[in-house]
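Engineer: FYI, the numbering for the sequence shown is 24 to 312, going by the numbering used here.
By construction, the Cβ of each residue, glycine as well, lies at the ideal position given by its N, Cα and C atoms.
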Amino acid sequence: MTFKPVRKAVFPVAGLGTRFLPATKSIPKEMLTVVDKPLIQYAVEEALAAGIEQIIFVTGRGKAALEDHFDISYELEATMRARGKSLAAIDGIRMTPGSPVYVRQQEPLGLGHAVWCARAIVGDEPFAVLLPDELMVGTPGFLAQMVAAYAQVGGNLIGALEVPASETDKYGIITPGRVDGALTEVLEVIEKPKQGTARSNLMTPGRYILQPEVMGILDRGEKGAGGEIQLTDAMAQLIGRQPFHGYTFTGQRFDCGDKAGFIQANLALALQRADIGPSVRSFAAALLA
Ligand code: G1P
């Protein structure tokens, strides 16, 4: 069976980033850098590597730096050319004309509401959602692995990763059914279950392939955990009506929405780099000795 391809990806980037103040007072949190690349670019590159053609940013006030980042900077390029410098470092940011598309989420009413703000651009086809706070490192990338699995099972597919039981109240948690390799049947997803009530320690780490019917459910604007319109609650209503699986990624996850996770990502990726890895390693070793 062939399924409609996943061509579009939604990036909810309207969040205020209060956990990273004062850094994020005038800089979008998605522009925080891991080594020398902003978080948003890692997520966009992951999507492009998975075959995504249309990038959709759900943005808000104070996020203009994101638009500039994915545009041509004539002054920068002209100056670098005049100085005989390579443009390789900014090559990856060039987008297809007409992508990204920007829509605004006027009020912070929740992740489900943010995704719903992209409904007119998504239209009637399956789409991906990537939360750039969650930095995923792997070959192939997380979304590429999910797209390959989607070609087998279709329907809805969400990332599924194990976390310690003490952290289940921070995430969407899956009630797992039958497991088949990296795929787990999803019987239920619950947003931020109270400590001690989680049905598993399998969380959804901000990678989704969803069918367009989820937009119809989000139309109702029902509020869930934290008084917000939750993506988790809306997609949970598709369970039983459409195929619904969790996908366990082979690779590394860094929760860059959290300060410790953000520092860990910087350290891990710096150590992997040929140019700065050796000096960071010897500095870290001396610091910890
Ligand atoms: C969001 C989702 C949650 C998911 C998490 C991943 O929560 O609502 O289901 O597990 O991202 O980071 P947030 O971090 O926005 O509270």
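Mind checking whether Phe34 and Pro155 have CB atoms under 8 Å apart?
Structural biologist: By one-based count along the sequence shown, residue 34 stands at place 11. By one-based count along the sequence shown, residue 155 stands at place 132. Yes, the pair counts as a contact, with Cβ atoms nearer than the cut-off.
Engineer: With DSSP as the reference, label Gly269 as helix, strand or coil.
Structural biologist: Here residue 269 refers to the residue found at position 246 of the sequence shown. Looking at Gly269 - three-state DSSP - the assignment turns out to be strand.
Engineer: Using CA coordinates, which residue listed in Gln168, Tyr194, Leu44, Pro28 is at the minimum distance from Thr220?
Structural biologist: As a working mapping, residue 220 is identified with position 197 in the sequence shown. When each option's Cα is compared against that of Thr220, the closest is Tyr194.
Engineer: Are there 16 or more other CB atoms within 10 angstroms of the CB of Gly244, so buried, or fewer, so exposed?
Structural biologist: To locate residue 244, count along the sequence shown from 1; it is residue 221. Exposed is the call here.
Engineer: Helix, strand or coil, according to DSSP, for Lys31 in the structure here?
Structural biologist: To locate residue 31, count along the sequence shown from 1; it is residue 8. Looking at Lys31 - three-state DSSP - the assignment turns out to be strand.
Engineer: If you drop the 5 nearest sequence neighbours on each side, which residues of the same chain put their C-beta closer than 8 Å to that of Arg172?
Structural biologist: Here residue 172 refers to the residue found at position 149 of the sequence shown. Looking at the sequence itself, residue 172 is Ala, so the reference to Arg does not match. Answer for Ala172: Leu180, Ala205, Leu206, His268, Tyr270, listed in chain order.
Engineer: What residue from Gln129, Val176, Lys86 has the CA that sits closest to Gln265's CA?
Structural biologist: For the purposes of this step, residue 265 is identified with residue 242 of the sequence shown, where counting begins at 1. The option with the nearest alpha carbon to Gln265 is Val176.
Engineer: Per DSSP, what kind of secondary structure is Gln175 in: helix, strand or coil?
Structural biologist: Taking the sequence shown and counting its residues from 1, one reaches residue 175 at position 152. Reduced to three states, the DSSP call for Gln175 is helix.
Engineer: Any idea if Pro51 is buried or exposed, counting beta-carbon neighbours within 10 angstroms, 16 or more meaning buried?
Structural biologist: Residue 51 sits at position 28 when you count from the first residue of the sequence shown. Classification of Pro51: buried, given that the 10 Å Cβ count is 16 or more.
Engineer: Out of Glu190, Pro61, Met24, state which residue places its alpha-carbon closest to the alpha-carbon of Ala288.
Structural biologist: Taking the first residue of the sequence shown as 1, we reach residue 288 at position 265. The shortest Cα separation from Ala288 among Glu190, Pro61, Met24 belongs to Pro61.
Engineer: Is the distance from the Cβ of Leu99 to the Cβ of Glu53 below 8 Å?
Structural biologist: Position 76 of the sequence shown holds residue 99. Position 30 of the sequence shown holds residue 53. Not a contact, by the Cβ cut-off of 8 Å.
Engineer: Check whether the Cβ atoms of Met226 and Leu184 sit closer than 8 Å, and answer yes or no.
Structural biologist: Translated into the one-based positions of the sequence shown, residue 226 becomes position 203. Translated into the one-based positions of the sequence shown, residue 184 becomes position 161. A contact, by the Cβ cut-off of 8 Å.
Engineer: Comparing C-alpha positions only, which one of Val57, Val170, Arg276 sits nearest to Arg30?
Structural biologist: Counted from its first residue, the sequence shown places residue 30 at position 7. Checked all of Val57, Val170, Arg276; the closest Cα to Arg30 is Val170.
Engineer: Among Gly85, Leu44, His92, which residue has its Cα nearest to the Cα of Val67?
Structural biologist: Locating residue 67 in the sequence shown gives position 44, counting from the first residue. Among Gly85, Leu44, His92, the Cα nearest to that of Val67 is on His92.
Engineer: Taking C-alpha atoms, which residue in Lys108, Val202, Pro123, Thr273 lies nearest to Phe165?
Structural biologist: Counting from one through the sequence shown, the residue named residue 165 turns up at place 142. Of the listed residues, the one whose Cα sits closest to Phe165 is Thr273.
Engineer: Would Pro120 be called buried (16 or more neighbouring beta carbons within 10 Å of its own) or exposed?
Structural biologist: Numbered from 1 along the sequence shown, position 97 holds the residue referred to as residue 120. Counting Cβ neighbours within 10 Å, Pro120 comes out exposed, since fewer than 16 surround it.
Engineer: Would Arg237 and Ala141 qualify as a contact pair, given that the criterion is a beta-carbon distance under 8 Å?
Structural biologist: Here residue 237 corresponds to residue number 214 of the sequence shown, with the count starting at 1. Here residue 141 corresponds to residue number 118 of the sequence shown, with the count starting at 1. Here residue 237 turns out to be Val, not Arg, going by the sequence shown. For Val237 and Ala141, no; Cβs fall outside 8 Å.
Engineer: Use the C-beta contact count for Met258: other C-beta atoms within 10 angstroms, 16 or more gives buried, fewer gives exposed.
Structural biologist: Mapped onto the sequence shown, residue 258 falls at position 235. Met258 should be labelled buried.
Engineer: Quick check on Met159: does DSSP put it in helix, strand or coil?
Structural biologist: Here residue 159 corresponds to residue number 136 of the sequence shown, with the count starting at 1. Strand at Met159.
Engineer: With 16 other CB atoms within 10 Å as the buried threshold, where does Ser223 fall?
Structural biologist: In the sequence shown, residue 223 corresponds to position 200, counting from 1. So Ser223 ends up on the buried side.
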